[in-house]
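Position one of the sequence shown corresponds to residue 1219 (our numbering), numbered consecutively onward.
Glycine included, each C-beta is placed from N, C-alpha and C at the ideal position.
Step one of this worksheet: look at the structure below.
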Amino acid sequence: MDRIVHDGMMNDQRQRTCAEFERRFDRPPEWVAIAPGRVNLIGEHVDYCGGSVLPMAIERYTMIAAAPRPAAAGSASGRVFSTAVGATAEIPIGPTGGTAGDPGGDPAGAMAGAMAVSTGLPGWTHYLHGVIAGFLARGAAVPAFDAVVDSTVPLGGGLSSSASLEVALATLLAAVSDTRIEPLDLALLCQRAEHDFAGVPCGVMDQCASVLCTADHLLLLDCRSLTATQVPFAREDLLVLVTNSNVRHALNDGEYGRRRSDCEQAARVLAVPLLRDATLAQVEAAREALGPRVHARARHVVTEIDRTRRAADAIAAGRWAELGLLMAESHASLRDDYEVSCPELDLLVDLAAAERGVIGTRMTGGGFGGCTVTLVEAAHAQAVMDRVAQEYRRHTGRECTMFTTRPAQGAMIQTTPRPA
Ligand code: ADP
Ligand code: MG
């Protein structure tokens, strides 16, 4: 969106979050930590095969306003109110502060020990508990604190509200506990929290994007080496349109696991550590040995990895038409070879692709519902949104939800919230 509108929206959210803090805790906050959601432009279903992804942060944020709170020794906790949930939870902090198991040993043991206690708290606190445990496992002195969490990232919408929640808290805790932690390590700590405490075996893209992205850039992230490259998104007249189909087909979970095991099988047959080590020629030569389904899955992965590299080059060089073609090929590959699209996503892509000013469009995220990502000239964005919404309603009887964004800035922390 327009920079002035964006800054105004951020300011409003910050003030709202700080006001809520004052109302709940009778004093002003000392910190505001901010972490964005993300959308992946290209590079889908390649993270777990060690390929590269190309996400950007979106202008939707989780904000945490917080202040330390005096606490008796051994009874430290984080008292957190979430505006999204409308509830407060008290999350124990401390080597033993109410947690089962002995956290004194290796970090893995500490996390596993604390996990048992997490299950006694509501699900949304597990992400936070995991981040606190990650800091404790590093030996950080996490003080008792009060906090209000507010998010403009839709929860469960495929735009990584969970990672932005973890990253916002980790950014806060690094500051309040005076812990020096490399940005990449902070992202990994958050991923670990989601694995071990929320029980979600996510890749590392979401947390990396929320931490490492910079304004007006895409993030080319190699998911094996974790090398991150900032790709300038130079054209200021382009917007990224995110469209939520508002469907979520139930087969989602099991299918994700099946895709992963198909990819592992393909790597075994091709005798490579990860599918990213295979070439298209190798995949084609092994067509018989792979069998039709696994062959198609492997073909998606190796071609998608190649497309992602070419897309980053095309963006850096300003070859926008080429980027559009790569996005179209990516969608077709996800639909036909990887079979993770659905009629609603295909419809959104077909509708957007037919509109003037659209550079490229494809499904984004795990699939079987969720969102599409569309690159559109700002001058045409409103017309595209109106038409796509209207036609989507006409064909499906459903409403889609949409917003435009520019590539946003990753996580940050501010000590004194600005007055109005
Ligand atoms: P996504 O990350 O795509 O939004 P997930 O299912 O991974 O979807 O994460 C959504 C979950 O993360 C929510 O159900 C909730 O448990 C937690 N969460 C995210 N943001 C908040 C928030 N602001 N307050 C409380 N819980 C949140
Ligand atoms: Mg998530």
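State yes or no: is the C-beta of Arg1274 within less than 8 Å of the C-beta of Val1460? For the purposes of this step, residue 1274 is taken as residue 56 along the sequence shown, with counting starting at 1. For the purposes of this step, residue 1460 is taken as residue 242 along the sequence shown, with counting starting at 1. A small correction: the amino acid at residue 1274 is Met; Arg does not occupy that position in the sequence shown. The answer is no: Cβ separation not under 8 Å.
Are three or more beta carbon pairs between the stretch 1526-1538 and the stretch 1555-1567 nearer than 8 Å? no
When Ser1380, Cys1408, His1549 and His1613 are compared against Ile1350, the one with the closest alpha-carbon: Translated into positions along the sequence shown, residue 1350 becomes position 132. Here the closest residue by C-alpha is Cys1408.
Could you tell me if the beta carbon of Thr1280 falls within a distance shorter than 7 Å of some heavy atom in ligand 1? To locate residue 1280, count along the sequence shown from 1; it is residue 62. Yes, ligand 1 has a heavy atom inside 7 Å of this Cβ.
Can you check whether the CB of Ser1295 is closer than 8 Å to the CB of Glu1642? Outside the displayed range of the chain (1219 to 1638) lies residue 1642, so it cannot be described from this structure.
Nearest-angstrom Cβ-Cβ length linking Ala1596 and Leu1402, presumed shorter than 8 Å: Numbered from 1 along the sequence shown, position 378 holds the residue referred to as residue 1596. Numbered from 1 along the sequence shown, position 184 holds the residue referred to as residue 1402. That belief does not hold up - the Cβ atoms of Ala1596 and Leu1402 are roughly 33 Å apart, past 8 Å.
By how many angstroms is the C-alpha of Gly1421 removed from the C-alpha of Arg1287? Residue numbering aside, residue 1287 sits at position 69 when the sequence shown is read from its first letter. Residue numbering aside, residue 1421 sits at position 203 when the sequence shown is read from its first letter. Taking the straight line from one Cα to the other gives about 34 Å.
Where DSSP assigns a beta bridge to Asn1258, which residues make up the other side? Within the sequence shown, the letter at position 40 stands for residue 1258. BP columns for Asn1258 point to Pro1273.
Where Arg1486 and Gly1268 are concerned, what is the direct C-alpha to C-alpha distance, given to the nearest angstrom? One-based indexing of the sequence shown puts residue 1486 at position 268. One-based indexing of the sequence shown puts residue 1268 at position 50. So the two alpha carbons sit approximately 15 Å from each other.
Looking at the unbroken beta strand (DSSP E) that takes in Ala1307, where does it start and where does it end? Sequence index remark: in the sequence shown, residue 1307 carries index 89 (1-based). Counting along the chain, the beta strand (DSSP E) containing Ala1307 begins and ends at Ala1305 to Pro1310.
Specify whether the stretch 1483-1498 and the stretch 1582-1591 touch according to this definition: at least 3 beta carbon pairs, one from each stretch, less than 8 Å apart. no
Pull the bridge partners of Met1640 from the DSSP assignment, please. In this structure the chain extends from 1219 to 1638, so residue 1640 is not present and cannot be described.
Looking only at C-alpha atoms, which of Thr1306, Ala1411 and Trp1249 sits nearest to Thr1633? Mapped onto the sequence shown, residue 1633 falls at position 415. Of the listed residues, the one whose Cα sits closest to Thr1633 is Trp1249.
According to DSSP, which residues form a beta bridge with Asn1462? In the sequence shown, residue 1462 corresponds to position 244, counting from 1. Looking at the DSSP assignment, Asn1462 forms a beta bridge with Cys1589 and Thr1619.
Going by DSSP, what residue range makes up the alpha helix (DSSP H) through His1435? The sequence position of residue 1435 within the sequence shown is 217, counting from 1. First-last for His1435: His1435 to Asp1440, but that is the beta strand (DSSP E), not the alpha helix (DSSP H).
Proximity to Arg1611 [Cα-Cα], best of Gly1472, Gly1226 and Val1465: As a position in the sequence shown, residue 1611 is number 393, starting the count at 1. With distances taken between Cα atoms, Arg1611 lies closest to Val1465.
Rounded to a whole number of angstroms, what is the C-alpha to C-alpha distance between Pro1419 and His1413? Taking the sequence shown and counting its residues from 1, one reaches residue 1419 at position 201. Taking the sequence shown and counting its residues from 1, one reaches residue 1413 at position 195. Distance between the alpha carbons of Pro1419 and His1413: 5 Å.
Where does Tyr1610 sit, in a helix, a strand or coil, going by DSSP? Along the sequence shown, one-based indexing puts residue 1610 at 392. Residue state, collapsed to three classes: helix.
Excluding five sequence neighbours on each side, which residues of the same chain lie with their C-beta closer than 6 Å to the C-beta of Gly1261? The residue labelled residue 1261 in the question sits at position 43 within the sequence shown. Hits under 6 Å: Ser1270, Val1271, Leu1272 and Thr1526.
Proximity winner among Arg1624, Leu1565 and Ala1285, relative to Ala1393 (alpha-carbon distances): As a first step, residue 1393 must be located in the sequence shown, where it is residue number 175. Checked all of Arg1624, Leu1565 and Ala1285; the closest Cα to Ala1393 is Ala1285.
Beta carbon of Cys1618 nearer than 8 Å to that of Ala1607: As a working mapping, residue 1618 is identified with position 400 in the sequence shown. As a working mapping, residue 1607 is identified with position 389 in the sequence shown. Going by C-beta atoms, Cys1618 is nearer than 8 Å to Ala1607.
For the beta strand (DSSP E) that contains Ile1631, what are its first and last residues? Position 413 of the sequence shown, counted from the first residue, corresponds to residue 1631. Looking at the DSSP string, the run of the beta strand (DSSP E) that includes Ile1631 is Met1630 to Gln1632.
Between which two residues does the alpha helix (DSSP H) containing Val1520 stretch? Your numbering for residue 1520 matches position 302 in the sequence shown. Unbroken alpha helix (DSSP H) run through Val1520: Pro1510 to Ala1535.
Pair within 8 Å by beta-carbon distance, Val1576 and Val1602: As a working mapping, residue 1576 is identified with position 358 in the sequence shown. As a working mapping, residue 1602 is identified with position 384 in the sequence shown. Yes, the Cβ-Cβ distance between Val1576 and Val1602 is below 8 Å.
Near ligand 2, which residues have their beta-carbon closer than 7 Å to a heavy atom? Ser1378, Ser1379, Ser1380, Ala1381, Val1418, Cys1420 and Asp1424
What does DSSP give as the partner residue(s) for Arg1297 in the beta ladder? Position 79 of the sequence shown, counted from the start, is the residue given in the question as residue 1297. Partner(s): Glu1308 and Asp1364.
What did DSSP end up calling Ser1382 once you bin it into helix, strand or coil? Against the sequence shown, residue 1382 aligns to sequence position 164. In the structure shown, Ser1382 sits in a helix (DSSP, three-state: H, G or I).
Let me make sure I understand the geometry here. Which of Val1594, Leu1569, Ala1251 and Asp1495 has the alpha-carbon closest to that of Glu1609? Residue numbering aside, residue 1609 sits at position 391 when the sequence shown is read from its first letter. Checked all of Val1594, Leu1569, Ala1251 and Asp1495; the closest Cα to Glu1609 is Leu1569.
Return helix, strand or coil for Pro1288, following the three-state DSSP convention. For the purposes of this step, residue 1288 is taken as residue 70 along the sequence shown, with counting starting at 1. Coil at Pro1288, not helix or strand.
Answer with yes or no whether the minimum CB distance from Ala1514 to chain D is below 8 Å. In the structure shown, chain D does not exist; there is a single protein chain.
To the nearest angstrom, how far is the alpha carbon of Ala1446 from that of Phe1243? One-based indexing of the sequence shown puts residue 1446 at position 228. One-based indexing of the sequence shown puts residue 1243 at position 25. Approximately 39 Å between the Cα atoms of the pair.
Just checking Val1303 against ligand 1 - is the residue's beta carbon closer than 7 Å to any of the ligand's heavy atoms? Position 85 of the sequence shown, counted from the start, is the residue given in the question as residue 1303. Because some heavy atom of ligand 1 lies under 7 Å away, the Cβ of Val1303 counts as near it: yes.
Assign Gly1615 to buried or exposed, taking buried as 16 or more other Cβ atoms, counted over all protein chains shown, within 10 Å of its Cβ. In the sequence shown, residue 1615 corresponds to position 397, counting from 1. The residue is exposed, with fewer than 16 neighbouring Cβ atoms inside 10 Å.
Determine the direct distance from the alpha carbon of Ala1599 to that of Arg1453, and round the result to whole angstroms. Within the sequence shown, numbered from 1, the residue matching residue 1453 stands at position 235. Within the sequence shown, numbered from 1, the residue matching residue 1599 stands at position 381. Approximately 15 Å between the Cα atoms of the pair.
Simplified DSSP assignment, three categories, for Ala1302: Taking the sequence shown and counting its residues from 1, one reaches residue 1302 at position 84. If DSSP states are grouped into helix, strand and coil, Ala1302 belongs with coil.
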